[in-house]
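Before any comments, here is the structure.
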Amino acid sequence: MMRSMLFAVAAALGGFAIAASAGAQTLPRTQVKIIGLNSPTVASTVDEGPFWKQTIPQASGGAITGDYTPVDLMGIDDKTMLRLLKLGVMDFAGMDISKMAGDDPRFEGCDLAGMSLEIQKARAACNAYRGVIDRQMQSQWNVKLLAFGTNPPQVFWCRMAIGGLADLKGKKVRVFNRTMIDFLGGVGATAVNMAFAEVVPALQRGVVDCAVTGTLSGNTAGWPEVATHLYPMYLGWSINVQAVNLDSWKRMGPEVQKFFTEQYARFEDKMWATGAAALADAENCNFDKQPCKMGKMAKMTLVPVKASDMDEHKRLLEGTVLKNWAKRCGDACAKEWSDSVGKVLGLTASGS
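Going left to right, the sequence shown walks through residues 35 to 386 as the working numbering numbers them.
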């Protein structure tokens, strides 16, 4: 089944091709294939789509073009993105790094559930862990890390009234990574790992009571149509990575590599700026306030986060999320994390 799916995807995307430029362009003509982030998200519509459709062709004087398709429009399970990229099904990919943790728990390391409560801290944590993730990608997956990006903060969208963290006990809550499962287990909720595209019908039919996603990602995907209450207790940022297959990268040559390295540095800054703007915009859009520029006007009910809930949040992060992750990752991994991300955030990972 997996083999037939890979061949079908590869056939749909076509191959990687570089041809010598016939004109006076300084870059060789290069065409690449990209599978990107979920199409309803602002990370896709505001950043990634325009990057491939406009920025890259224009910056290269038309020499470099990309065949870009978001993952949901390809019908691919986004948890398989790293494996597909390793196999060379596409040249470049955008993916939620925490969803790759089934292959290596280190891939959750800069977005553990509830670890960073400010976007600046989230970026600093990922910068501190950049070398570790790139090393693992290159050594184990034949993939090179090019950039980090973010979504707005991941919060709870519920189809019924809740008063706070304690009310999640006994509820079925959609999540999308292992550390969120750990966090929800600590409050007595049942975590349901579910793809983004499946959430609206699941909430509508009562398959889940609440679901976790970004404050603006849920808005633009129509979640206010099936959820009534938004509880802004942060469970992470759904950190995105942009990466390239190493074989494809090596075939490009130094001129094209230099071009992409420079463009991705600018792209990374833009993705974080968009994440910050989306955070602010969602606070208006979800609660029927202006200005609302990036999302859709909705009339959600805001559930305030109480100080006692934040105390419990801290306890769950340090006593459950970090400890369980350190056990999965191992002592050497936990020490490496504590010496990098941990120093930035003032945390220590230990499985004991």
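The beta-carbon is built from N, C-alpha and C at its ideal position, and this holds for glycine as well. Just so it is clear, the structure is predicted and the values come from calculations on it, not from any experiment.
Check, Outcome
"Option nearest residue 248 by Cα separation, candidates 84, 177, 76", "76"
"Cβ-based burial, residue 338 [other Cβ within 10 Å; buried from 16]", "exposed"
"Inside the segment 173-232 only - beta strand (DSSP E) runs reaching at least 3 residues", "177-183, 188-192, 206-209, 224-227"
"CB of residue 125 within 8 Å of CB of residue 279, strictly", "yes"
"Buried or exposed by the 16-neighbour rule on C-beta atoms within 10 Å, applied to residue 211", "buried"
"Contact set for residue 368: own chain, Cβ-Cβ below 7 Å, skip 5 residues either direction", "360, 383, 384, 385"
"Span separating the alpha-carbon of residue 225 from that of residue 341", "24 Å"
"Contained alpha helix (DSSP H) runs [length at least 4] in the segment 228-295, N- to C-terminal order", "233-239, 251-254, 280-286"
"Beta-carbon proximity check, residue 244 vs residue 192, cutoff 8 Å", "yes"
"Residue 97 versus residue 168: straight-line alpha-carbon distance, rounded", "28 Å"
"Among 274, 310, 61, 255, the one whose alpha carbon lies nearest that of residue 330", "255"
"Pair within 8 Å by beta-carbon distance, residue 387 and residue 164", "Residue 387 is absent from the structure shown; the chain starts at 35 and stops at 386."
"N-terminal and C-terminal residue of the alpha helix (DSSP H) that residue 375 is part of", "375-379"
"Assigned secondary structure, residue 66 (DSSP; H/G/I helix, E/B strand, else coil)", "strand"
"Burial state of residue 320 (16 or more Cβ within 10 Å)", "buried"
"DSSP-derived helix/strand/coil call for residue 101", "strand"
"Burial state of residue 188, where buried means 16 or more other Cβ atoms lie within 10 Å", "buried"
"Range covered by the alpha helix (DSSP H) that runs through residue 343", "341-350"
"Residue 288 classed as buried or exposed, judged by whether at least 16 other C-beta atoms fall within 10 angstroms", "exposed"
"Validate contact between the segment 343-357 and the segment 223-243 using beta carbons, cut 8 Å, 3 pairs", "no"
"Three-state class that DSSP yields for residue 127 in the structure shown", "strand"
"Three-way DSSP call (helix, strand, coil) for residue 335 in this model", "strand"
"Cβ-based burial, residue 240 [other Cβ within 10 Å; buried from 16]", "exposed"
"At least 3 beta-carbon pairs within less than 8 Å: the segment 111-129 vs the segment 194-202", "no"
"Status (buried if at least 16 other CB within 10 Å, exposed otherwise) for residue 258", "buried"
"Residue 183 beta carbon less than 8 Å from that of residue 274", "yes"
"Unbroken alpha helix (DSSP H) run spanning residue 110, endpoints", "From DSSP, residue 110 is part of no alpha helix (DSSP H); its letter is neither H nor E."
"Interface flag, residue 279 vs chain B, CB-CB below 8 Å", "Within the model displayed, chain B is absent; a lone protein chain is all it includes."
"Option in 140, 70, 379 with minimal Cα separation from residue 115", "70"
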